[in-house]
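Participant: I am attaching a structure below and will ask some questions about it afterwards.
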Amino acid sequence: MRKSIKAKLIRHINKKEFWVSCFECNIETSHKIWSQVNVFKDFDVEDYGPIQGNEEYMIIQCNGCHEFSFCSESTSTEDCVPDDNGNFEYYVTTKLYPNRITGRPKMKDVIYLPYEIRVVYEETHSALCAGQRVLTGIGLRAIIESVCKDQKAKGTNLKIKIGDLVRKEFITNRSAKILQDLRFMGNKSAHEVKAHSTSTLKIALDIVEHLLKEIYILPKIAEDLNKKK
Ligand SMILES: [Zn+2]
């Protein structure tokens with residue numbers, strides 16, 4: 002029965018558009034499919050039996066902002082559940098490149114961040130969008146470490162360095178308390194390989210972005226405004 006799924010697996014052939022998240026519009030939008038390649042896989046695994054899978058690769062363009070991106074969708078006989086009629090319902094795994102999460106775009110004006118901090122921030126954001134939750138947790142801690150280093154915060158460990166940022170009036174006591182919590186979260190990711198939930202990580206990244214705006218981005222924007230005056 003599982004051998005006869007080929008027709009069901011081919012989903013977008015002859016379709017001209019479909020809806021996915023757009024990394025520029027930051028919402029789900031209609032996308033035009035410019036080109037697509039379908040790969041059907043059928044093989045036998047020893048002591049297990051036949052496995053079939055279908056992968057579809059598409060070059061797509063958002064009908065709103067016209068940005069191009071890449072999408073792959075895959076289904077397999079290993080990812081399905083039988084319904085009441087004995088037919089199989091197949092789960093579709095969608096991957097988008099660049100990786101993205103609807104409603105979680107990258108912070109604007111990252112160009113104002115010091116290069117080293119910008120690299121860590123962008124990698125952390127990419128890890129979150131790619132669903133790499135352990136790495137996102139480690140990245141969040143690395144951003145805080147990088148800020149402390151850049152601001153020459155003194156101390157023998159990160160906890161003390163965050164305290165020094167308060168003394169230097171770069172952040173408030175309240176922000177420091179939040180950063181200490183994030184530091185603890187990052188420790189769990191790094192030392193216990195703990196994956197926090199995506200919603201927790203999104204909130205944590207919001208807080209880190211707020212810190213980066215306060216220390217680096219807003220002062221630069223204010224400086225640019227003054228120059229224009
Ligand atoms: Zn768009």
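Residue 230, in my numbering, is where the sequence shown stops; the numbers in between run on with no holes.
All C-beta atoms, glycine included, are put in the ideal place defined by N, C-alpha and C.
#1: What residue range is occupied by the uninterrupted beta strand (DSSP E) comprising Tyr-49?
#2: Using 8 Å for Cβ pairs, my map puts Tyr-58 next to Val-82. What's the rounded Cβ distance?
#3: Run through DSSP, which three-state label would Ile-161 get?
#4: Measuring from the CB of Gly-65, is there a heavy atom of ligand 1 at a distance below 7 Å?
#5: Within its chain, find whatever has a CB closer than 6 Å to the CB of Asp-110; leave out the 5 residues flanking it on each side and keep chain order.
#6: With distance defined between alpha-carbon atoms, name the residue in Pro-99, Leu-114, Lys-96, Asp-80 nearest to Phe-89.
#7: Quick one: give me the first and last residue of the beta strand (DSSP E) that Thr-137 is part of.
#8: Note down the Cα distance separating Gln-133 from Lys-230, rounded to an integer number of angstroms.
#9: With DSSP run on the structure shown, which of helix, strand or coil describes Tyr-231?
#10: Have a look at the DSSP bridge pairing and note the partners of Ile-172.
#11: Given a threshold of 16 other Cβ atoms within 10 Å of its Cβ, counted over all protein chains shown, does Ala-223 qualify as buried or as exposed?
#12: DSSP three-state label for Ile-102, please.
Facilitator: On the basis of the data shown:
#1: The continuous stretches of beta strand (DSSP E) do not include Tyr-49, and DSSP gives it neither H nor E.
#2: Their Cβ separation, rounded to whole angstroms, is 25 Å, which puts Tyr-58 and Val-82 out of contact at 8 Å.
#3: When secondary structure is reduced to three states using DSSP, Ile-161 falls in the helix class.
#4: Yes, ligand 1 has a heavy atom inside 7 Å of this Cβ.
#5: Within the same chain, Asp-110 has close Cβ partners Ile-218.
#6: Nearest Cα to Phe-89 within the set Pro-99, Leu-114, Lys-96, Asp-80: Asp-80.
#7: First-last for Thr-137: 134-151, but that is the alpha helix (DSSP H), not the beta strand (DSSP E).
#8: Gln-133 and Lys-230: Cα-Cα distance of roughly 44 Å.
#9: This structure leaves residue 231 out entirely; the chain is present only between 2 and 230.
#10: By DSSP's assignment, Ile-172 forms no beta bridge with any residue.
#11: So Ala-223 counts as exposed.
#12: Coil, per DSSP.
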